[in-house]
Amino acid sequence: MKARLEPRINLEGRTPLETVIPLSTPFIVFADPASSCNFKCSFCPTGHRDMIAETGRFQGVMKYEVFQKIVDDL
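Going by the working numbering, the sequence shown opens with residue 1445, and the numbers climb by one from there.
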């Protein structure tokens, strides 16, 4: 088989964004509105109630008002 997997964009010679535009804020914000999952991946505590309890992470679904405030504050 001669097929190859290649990225759609060229990642070589890229300039790191933080060196071009020094910002005092994060580049990425991740808000997880639900800490529930119906998969049971062995490496992830999200789908296992006992494992997620051990991590101390919130269990449940974020209220819409809280999520909307996060988005508005950005």
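The beta carbon of each residue, even a glycine, is placed where N, CA and C say it ideally should be.
When you compare the segment 1499-1506 with the segment 1455-1472, are there three or more beta-carbon pairs, one atom per stretch, that lie closer than 8 Å? Counting Cβ pairs under 8 Å, fewer than three are found: no touch.
If you draw a straight line from the alpha carbon of Lys1513 to that of Ala1478, how long is it in whole angstroms? In the sequence shown, residue 1513 corresponds to position 69, counting from 1. In the sequence shown, residue 1478 corresponds to position 34, counting from 1. Put simply, the backbone Cα of Lys1513 is about 16 Å away from that of Ala1478.
Residues that DSSP places opposite Ala1478 in a beta bridge: Numbered from 1 along the sequence shown, position 34 holds the residue referred to as residue 1478. Ala1478 pairs with Val1505.
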